[in-house]
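Numbering (our numbering), first residue to last: 140 to 651.
Glycine included, C-beta positions come from ideal geometry on N, C-alpha and C.
The next block holds one structure in the form of structure tokens; read it before the comments.
Here you go:
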């Protein structure tokens, strides 16, 4: 009998599938205070705010509420840590990389704790938090750990008696304002390149989901980052977030969230010290399925593309364009997928979809679903909240959607799949690009010419071909148009956290 690859006969022992990780259902929340200078502080005002479990609507704990005075203290700590001669500035680049590797090691060690906290605070399925969010965090930290000693300038040929070269230097104090849909992952996307380049940080996590960010503070201290290098101030956007955006001693700010708030941050930056701004904002992303596509693959990818993370993704495939020849079959199969999607307790290993983040988001999604019904879209399945289950919404599919409907124009940020039909490639290019957003797009086809034509024509920062949500630490991510400015991830992100300095030296014309 022929031996299979990996079998004992080939000299490789059989690899047993490890058991699935289990959440810590009775986990105690340890870190609820403001983290400045590697120490835990109460808020200057004495105020606290609650964070809730969206699955049960029960309060998890109270968090110290940071405001402008707390941001000021965090910025002073970050400025001191960035001063010439400080332990952080004297640390060589390989040592910075080692600290990032050690931080990744601690995320590996505490992976179950962090995934449990993320599920408690966001309602996302525990296995998603463990295998997607935490995996992405660990890989991103290790990727930028490797970059720490490879950030190089260039020598530039100028006149004969001059030497000219560039240095890529850290910017200074960087602000980071992170969202509630991927709290830890978006924090690491900003923190890893910032620290890799030698900056210091003041972080404000989303008020809905501060728990994993604060836990990271404890790991920052344990790893051995010098005091003041990373500071975390939980609080509300209009207070703590605004204080970061307008602060004259913050040199750069990175924000992930809504386009509306992104505009406010850019305005605040322009009215203060013209700090550098990186924005990763909303999307209304086209997913184009051509008639020659692998239909099974396209249906599954489009389904996961819109329903992943309860539909609360800036990358969500929220405009599915299907070529008319295969439209009825695509709709039929999409409905079958949606009806089988398991909604429930996010700590249950079988659950694919948890609750929406809060009442405000829940109400907005249901209001948009009602608009789809009123404007003439055909409700194929879902369209309702799950009774007696708090913030849970049934996976919803609409067919016969037209471009003028709200569900085809507005970012829903929920488990709603609008499916439209198209006749020609030129038509679908025009329609796909007729939006203020330009974050991601996807194309499903077996024709290479068609795939590359669409990839070139679509006005999006990322285009996926025969896949969806294929994100890697090595590949840059960001948007065109009102989906944002700048890029996160990959080598491109290093430019967002460094200043380029030109040094020109005149050589002596005397004989040596």
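| Item | Value |
| --- | --- |
| Spatial distance of residue 182 from residue 355 (CA atoms) | 19 angstroms |
| Distance between residue 303 and residue 296 (C-alpha atoms, nearest Å) | 7 angstroms |
| Residue burial classification, residue 445 (beta-carbon count within 10 angstroms, cutoff 16) | buried |
| Collapsed DSSP secondary structure at residue 445 in the structure displayed | helix |
| Element boundaries [beta strand (DSSP E), containing residue 332] | Where residue 332 is concerned, there is no enclosing beta strand (DSSP E), although the alpha helix (DSSP H) it sits in stretches over 322 to 335. |
| Beta-carbon gap between residue 379 and residue 342 smaller than 7 angstroms | no |
| Residues of its chain near residue 674, where Cβ-Cβ distance is below 6 angstroms and the 5 sequence neighbours each way are ignored | This structure cannot settle anything about residue 674, because the visible part of the chain is limited to 140 through 651. |
| Span separating the alpha-carbon of residue 269 from that of residue 455 | 20 angstroms |
| Start and end residues, alpha helix (DSSP H) containing residue 234 | 232 to 248 |
| Where the alpha helix (DSSP H) containing residue 192 begins and where it ends | Looking at the DSSP string, residue 192 is not in any alpha helix (DSSP H); the run it does join, the beta strand (DSSP E), is 187 to 192. |
| Cβ-based burial, residue 440 [other Cβ within 10 Å; buried from 16] | buried |
| Burial state of residue 412 (16 or more Cβ within 10 Å) | exposed |
| Validate contact between the region 275 to 295 and the region 358 to 372 using beta carbons, cut 8 angstroms, 3 pairs | no |
| Residue 158 in three-state terms, based on DSSP | coil |
| Assigned secondary structure, residue 626 (DSSP; H/G/I helix, E/B strand, else coil) | coil |
| The region 231 to 249 in contact with the region 537 to 556 per 3-pair CB rule at 8 angstroms | no |
| Completely contained beta strand (DSSP E) runs for the region 361 to 386, where each covers 3 or more residues | 369 to 371 |
| C-beta contact flag for residue 102 and residue 425 at 7 angstroms | In the structure as shown, the chain starts at 140 and stops at 651, and residue 102 therefore has no counterpart that could be examined. |
| Buried or exposed (CB count within 10 angstroms, at least 16 for buried), residue 283 | buried |
| Paired residues, beta bridge with residue 314 - DSSP | 341, 392 |
| Cβ neighbours of residue 430 in the same chain (closer than 7 angstroms, five flanking residues each side left out) | 462, 464, 465 |
| Cβ distance (whole Å) where residue 533 is taken to contact residue 523 below 8 angstroms | 5 angstroms |
| Reduced DSSP category for residue 596 - H, G, I as helix; E, B as strand; rest coil | helix |
| Three-state class that DSSP yields for residue 559 in the structure shown | strand |
| Alpha helix (DSSP H) runs contained entirely in the region 508 to 594, provided each spans 4 or more residues | 545 to 548, 564 to 572 |
| Assigned secondary structure, residue 493 (DSSP; H/G/I helix, E/B strand, else coil) | coil |
| Secondary structure of residue 426, DSSP reduced to three states | strand |
| C-alpha distance - residue 545 paired with residue 510, whole-angstrom precision | 7 angstroms |
| First and last residue of the uninterrupted beta strand (DSSP E) at residue 462 | 458 to 462 |
| Span of the alpha helix (DSSP H), counted from its first residue to its last, around residue 400 | 398 to 410 |
| Cut-off 8 angstroms between Cβ atoms - residues of its own chain near residue 436, not counting five sequence neighbours on either side | 583, 605 |
| Where residue 296 falls: helix, strand or coil (DSSP) | coil |
| Bounding residues of the beta strand (DSSP E) (the contiguous stretch that carries residue 419) | 415 to 419 |
| Top-ranked residue by Cα proximity to residue 265, from 419, 329, 489 | 489 |
| Proximity to residue 260 [Cα-Cα], best of 288, 625, 189, 396 | 189 |
| Pick from 381, 554, 516 that is closest to residue 442, judged by C-alpha positions | 554 |
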